[in-house]
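Beneath this line is the structure, given in structure tokens, with notes to follow.
Numbering (the UniProt record's numbering), first residue to last: 1 to 61.
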């Protein structure tokens with residue numbers, strides 16, 4: 001059995017807070033989080049193209 005004590009530290013993934021980490025399941029390990037994580041449809045190139053502040057990184061053809 002794995003026990004972990006973390007004092008005064010919040011662990012997040014994609015802005016979702018991990019409520020219970022490392023919960024053993026029959027097919028692996030599960031982390032219980034406080035919200036649904038959705039698929040991000042942007043690519044790095046797409047993000048560079050729409051954000052003017054990052055225009056110096058965009059590929060010009």
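C-beta atoms are modelled at their ideal positions from N, C-alpha and C, and glycine is treated no differently. This structure is a prediction, so every number in the text was calculated from the model and none was measured.
### Query
From residue 19 to residue 37, what distance separates their C-alpha atoms?
Taking the chain shown and counting its residues from 1, the one referred to as residue 19 is at position 19. Taking the chain shown and counting its residues from 1, the one referred to as residue 37 is at position 37. Cα to Cα, residue 19 sits roughly 14 angstroms from residue 37.
### Query
What is the DSSP secondary structure of residue 32, reduced to helix, strand or coil?
Residue 32 sits at position 32 when you count from the first residue of the chain shown. Residue 32: strand per DSSP, three-state reduction.
### Query
Which residue or residues does DSSP assign as beta-bridge partners of residue 44?
Here residue 44 is taken as the residue at index 44 of the chain shown, counted from 1. Partner(s): none; residue 44 has no beta bridge.
### Task
Can you give me the start and stop residues for the beta strand (DSSP E) that residue 22 sits inside?
Sequence index remark: in the chain shown, residue 22 carries index 22 (1-based). Judged by DSSP secondary structure, residue 22 falls within the beta strand (DSSP E) whose first and last residues are 16-25.
### Query
Which of the three DSSP states, helix, strand or coil, is assigned to residue 13?
Against the chain shown, residue 13 aligns to sequence position 13. Residue state, collapsed to three classes: strand.
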